[in-house]
Amino acid sequence: MRTGSFRIKSGASQIKGGPQLPNIINHKAGGTRVMPRFHQFDNQNVPITRPIVTANSEHEGAQSRQTRQAQPLAPLPQNLDFDADMCMDELLKTLENNPLSQTIEVYIRAALDAQTVIFWQEVPNLQLLYSPTLKITCQHTEGIVGNAFFTRQLSSAASGQEHPAFKPEFDGKFCPNNSPVMVFPIIDYNNSIMGICLAIRPSGSQPFTKAMENFCQWFTRKLRSLTRWVKPKKDFSIHLLDVTQIQRTDQYLKTTLGKIASFFSCRAAEIWKLDKTSGEMTCFSDDVVLVNQDASGIAGNCLLKTTVVNCPKCQLHAYYNPTSDGNLNEAVLAYPITESQANTAYCVILRGPQSNSIFTAEDEEFLKQAAPHYVLSLENANTFSMADDEFQHVHMERESLGALLEVAELLGNQRDKDKLLLTIMEKGRQLTNADRCALFIVNDDKDKLITSFQNGLENAITIPINKGIAGHTYAERTIMNITDAYENQYFDPTTDKETGYRTRSILSVPIYNNRTEIIGVTEMINKNDNKPFTQWDINVIQIFNVFAGISLENVFLYKEAQEKGEQLRSLLDVSFSITKREDVQRLLKDILSNARKQINAECSSLFLLDETSDSLTSYIADGGTLPPNLPLSSGIVAYCAKSKKGIINNDVYHSPEFNRTVDISTGFKTNSLLAVPVLSGSGELIGVVEMVNKVDNCFNNKDLEIVQNFAVLSSVAIENDRLKGIATNGSADVEMSKWITEPERTLTDQIPAKLKLTEEQQKVASSLNFFSPDFRGINHIRELFYLFSKFNILRDFKISNELFFRFIYKIRSTYNDVPYHNWMHACDVTEYVAYELKTSGFDEMLSPLEKFALLLSAVCHDANHEGFNNIFNIKAQTPLGLLFKDTSVMETHHLTVSIDILSDDSYNLIYSLSEEDTKKMWQMMIQNILATDMAKHFEMIKTTKALVDAGEFDLNKEEHRRIAMSLLLKVADISNVSRPFELADNWCDILNVEFYRQGDLEKATGIGLTSPLNDREHPDKPKSQIGFYNFVCLPLYNVVATIFPKLQVNADSVKSNLAVWMELAEKKKKEDEAKAAAAGAAQPAPAPAAK
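First residue of the sequence shown: 1, per UniProt numbering; consecutive thereafter.
#1: For A765 versus E742, is the C-beta distance shorter than 7 Å?
#2: Using DSSP bridges, identify the partner residues of Q251.
#3: What is the rounded straight-line gap between the Cα of E162 and the Cα of I144?
#4: Closer than 7 Å by C-beta to V833: which residues in its own chain qualify, once you throw out the five before and the five after it? Chain order, please.
#5: Contact between the region 189-206 and the region 111-130: three or more CB pairs below 8 Å?
#6: State the beta-bridge partners of Y130 as determined by DSSP.
#7: Quick check on N45: does DSSP put it in helix, strand or coil?
#8: Just confirm the distance between the C-beta atoms of F791 and K851, as a whole number of angstroms; I'd bet it's less than 8 Å.
#9: Check the DSSP bridge columns for W987 and list the partner residues they point to.
#10: Going by C-alpha to C-alpha distance, which of N530, N873, V509 and F607 sits closest to I543?
#11: Using 7 Å as the threshold, is the C-beta distance between E744 and N801 below it?
#12: Terminal residues of the continuous alpha helix (DSSP H) containing L846?
#13: Please report the straight-line C-alpha distance between A946 and Q927, rounded to a whole angstrom.
#14: Looking only at its own chain, which residues have a Cβ that is under 8 Å from the Cβ of K354, when we skip the five neighbours before and after it?
#15: Please return the same chain residues whose Cβ sits closer than 8 Å to the Cβ of S1056, not counting the five positions on each side in sequence.
#16: What does DSSP give as the partner residues of L674 in its beta bridges?
#17: Which class does G428 belong to by DSSP, given the choice of helix, strand or coil?
#18: Return yes when the Cβ of H861 is within less than 7 Å of the Cβ of I941, no when it is not.
#19: Between A475, V1040 and N466, which has its C-alpha nearest A963's C-alpha?
#20: Look at the alpha carbon of T151 and the alpha carbon of N98, and state the distance between them as a whole number of angstroms.
#21: How is the alpha helix (DSSP H) around F150 delimited, first residue to last?
#22: Do you know whose CA, among A675, I461, R660 and D447, lies nearest K669's CA?
#23: Would you kindly work out how many angstroms separate the C-alpha atoms of Q1025 and V977, rounded to a whole number?
#24: Given that a residue counts as buried once 16 or more other Cβ atoms are within 10 Å of its Cβ, and exposed if not, what is L882?
#25: For the putative contact between T432 and D496, defined by C-beta atoms under 8 Å, what is the C-beta separation to the nearest angstrom?
#26: Is the region 675-689 in contact with the region 596-612, if contact means three or more CB pairs nearer than 8 Å?
#27: Can you list, in chain order, the residues of its chain with a C-beta nearer than 6 Å to that of T249? Leave out the 5 residues immediately preceding and following it.
#28: Measuring alpha carbon to alpha carbon, tell me which residue in N356, D949 and I271 is nearest T338.
#29: Going along the chain, which residues of its own chain have a beta-carbon closer than 6 Å to the beta-carbon of T483, five neighbours each way excluded?
#30: On a Cα-Cα basis, can you pick out the residue from L253, N190, T534 and L316 that is closest to S377?
#31: Could you say which of D733, T360, Y786 and I751 lies nearest to Y809 if we only look at CA atoms?
#32: Verify whether the separation of the beta carbon atoms of N178 and S203 is less than 7 Å.
#33: Would you decide whether K527 is buried or exposed? Buried here means 16 or more other CB atoms lie within 10 Å of its CB.
#34: Name the two residues that bound the continuous beta strand (DSSP E) containing T282.
#35: Among T360, A342, E364 and N356, which one has its Cα closest to the Cα of V348?
#36: Quick check: the region 695-712 against the region 585-596, are there 3 or more CB pairs under 8 Å?
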């Protein structure tokens, strides 16, 4: 009974990216239909019109879910119900452009309506089956596929799990549950299994039918007869033509081996050679390497046993050796060649397949055909290289004599030392066909060799005169031709280790000058043909070095003449600049830069002596960053300063005096150092000039002499500048030098180290507990630096430390030595203004210019106060009283003095302001300082209170902010009343001294007391303070607290102090009453009246 029928008609559909398949028309109930489908292939949806083989209604039911036992291939039916010839034609067309495995998988998948078809290719040498699609292997006895290989028969099952050979751990990877399977062998014309075809239908599908089995048997038989002509499609002839071109061995290794690896799609290709006579093995890969037989690994096994090796994991091979086979556990294919010569054997090795996980039978077949051609090509390359080397050698010797004359002319015309050295090295290398040339020059002290390495080290290094092969050549005045440098006792491998270069052969020849003195050594390194240097090379370099010696000597003389001239010009230029230039820092920078360039140092620095800290402060740097200050207690520079002698040290890390902390903190590496003291005319130390790291050389006595000359010029420039400073600024510059280092002078965002308040002092200077007399002297300057920096005034307005110090020094000098209105009072008022700004938060509302104006007003508000108030000056008709009679006398005078100072460029803190901001600054200062006139006190309070009460006072308005600023300065001017009572009482005593001083003068001049407070003979401190607090202070503090609620604390402090004064007044009143009563009781009774 026929279990199914199908017919294949002519015609084919073109498959994009895949094989061409016939249209299969399914016959059922007299009708026909074509069923196009889409199958996933090569990651593309490929439209396939595929043959569909289906069962008819007589399909065997009993066997539908049972395993079909393996059977021999039955004879095909005599009358096939399809056009077999046309079907085979389409198959052949498909094979023309596609691999066999791919064609089988797609063709069978379409024909059997299978979900998956896997072709397992036989790899005989591996005894494995391999799937190019899945890139996995299968043992010959493993699972369903292995069973088909072993039995050589077709078999099928309703599901993979029901097949008797099913192995879950292997077959389960690609056979889903309840999926029908069919497997059959593909046998070639030699009756050898080419592979196994496994077809799997979707889960739950009908089992494969008898008709499908018949189709597979027909397919297998036809394909078997065609395998004689089915060959791989790689273009073998073009590849062989490409790799058999005549070329040198080194070119063969670089290009041809790569082409072989690319052709076989593997990581690397190698050719190994065995000399059967000597047993020597050679590996041709990236380089030509001699290999010991014991370490030859898989290649040795292939050569010695003349056997093909195809190993899926090289590390599992019995002859694996990591030295020759590497550390990658990859597939290896080795094929031996023994026909080329009787005493020589070769093998070609492929490593690491890229497209597959193993090398396939197809790879073996290709390598078998190609290997003899590869070997022949290599032998031709070796023969050609030998002939070419001989030709080049003869040609080079002929060229060398002519080149020597050309070199002699070239060297004789060269005057640039660096270019001459490069020319000598390059020409010497060319004449001897060396890979590199090293040139060693003897230094001036004849104790060192200075090296220049072409294509080696970036910087020159210095070695002892007796070290290494060059040192031995110099010391023995001999030529050294060394075949293996590492076998020579004088060779120093340090440079090789540092650079990773491998030195093999060396030709070392001395260079003589015209006085037969050795001035250098040339070393030719590694002859390019990997052979020793010849006698011809020695002769050529001896002649060459004669020309080189003459040229070097001429360049040295020429350079020395140039240097002398340049030094003289630099010294003259700097000397002229000293007499003309005003900016000493720029002048010293020029001096330092000229000195550094003259001796070719990497960087240089000028340190100035700071006696107050017993250290050397870094002032100027050239060629690098400014180094840190240096203590006089340790270090080479400190030793130079203390000894007042110049020092040269070309190996500082082996010097016990060297202070390594500087290098550690900066990350800079000091190799060599030259230090020279800068001395005054009287021999006193001013500072030290330091030169660091001579470029391409070592410091010498000539360098020391040059730097000493420039140090003298530095001394003159510094002393001249100090004299000019004293003449221009008096003692300010002398005083400033004690507290501000030279580098700190130009800073605007960093307080000088010696002018910083301690943390405890900063807390006091930001509180009500500040008592200005405790900060006398330098601490007042520190206080102002702190307060102005606190509000970023110096930074924002580009005020350098030097300028601010000069200003403070100048404005301080205008304050007279009077009891109260002195410099101490100015600093007290400034501190209170800063305290108010921070406490109230007003500093957040003010612009930087407004804060600057308020603080500056506080510093200047009593400049040149003589200790007498406005009333006295008017009544006594003093010059100031007459000059400013109808204005605020003393306040106008304070402004005049301050404006005069700020208009001087030496003290102009507002130099950076625009024209508009400058006008605003003057307006605010004038308004603030005039507001401190007590004659305007009550009117100002009244006006402000009215604005506040009316709700019209608005700090967002500029005019109202200016009123608030003036009020804060007025509060600060009488701030003593709000400080802790002990401080307020002390200030009261100080103020009374000034009042009594004025009162004494008023009595002496006869103008009368202008105030009861000035009467020394009738003091009443509590009473005077009660009136002052009630009528002057509290109204002001209350209106300010209304504007700034956070300042209510100050008004409360005034009230607290007032309460104390009232207690003291009451106590004094009782004491006075008690004294009066006691005095009355002590008087005698009056005598009775006479009658």
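For each residue, glycine too, the CB sits at the ideal point set by N, CA and C.
On the basis of the supplied data:
#1: no
#2: Paired residue(s): none; Q251 is not in a bridge.
#3: 11 Å
#4: L854, L855, A858, L968, L969 and A972
#5: yes
#6: Q121 and T137
#7: Only weak support is given to the placement of N45: the predicted model assigns it a pLDDT of 33, under 50, and the value that follows is read from those uncertain coordinates. Three-state DSSP puts N45 in a strand.
#8: 5 Å
#9: Answer by DSSP bridge pairing: none, since W987 is not bridged.
#10: V509
#11: yes
#12: Premise fails: L846 is in no alpha helix (DSSP H) and is neither H nor E.
#13: 20 Å
#14: Per the sequence presented here, residue 354 reads as Gln, with Lys not at that position. S265, C266 and R267.
#15: F981
#16: I648 and M691
#17: helix
#18: no
#19: Rather than Ala, the amino acid found at residue 963 in this sequence is Ile. Answer by Cα proximity: V1040.
#20: 29 Å
#21: G143 to T151
#22: R660
#23: 9 Å
#24: exposed
#25: Not confirmed; about 20 Å, so no contact.
#26: yes
#27: A381, N382 and S385
#28: I271
#29: S505 and P532
#30: L253
#31: D733
#32: yes
#33: buried
#34: M281 to F284
#35: E364
#36: yes
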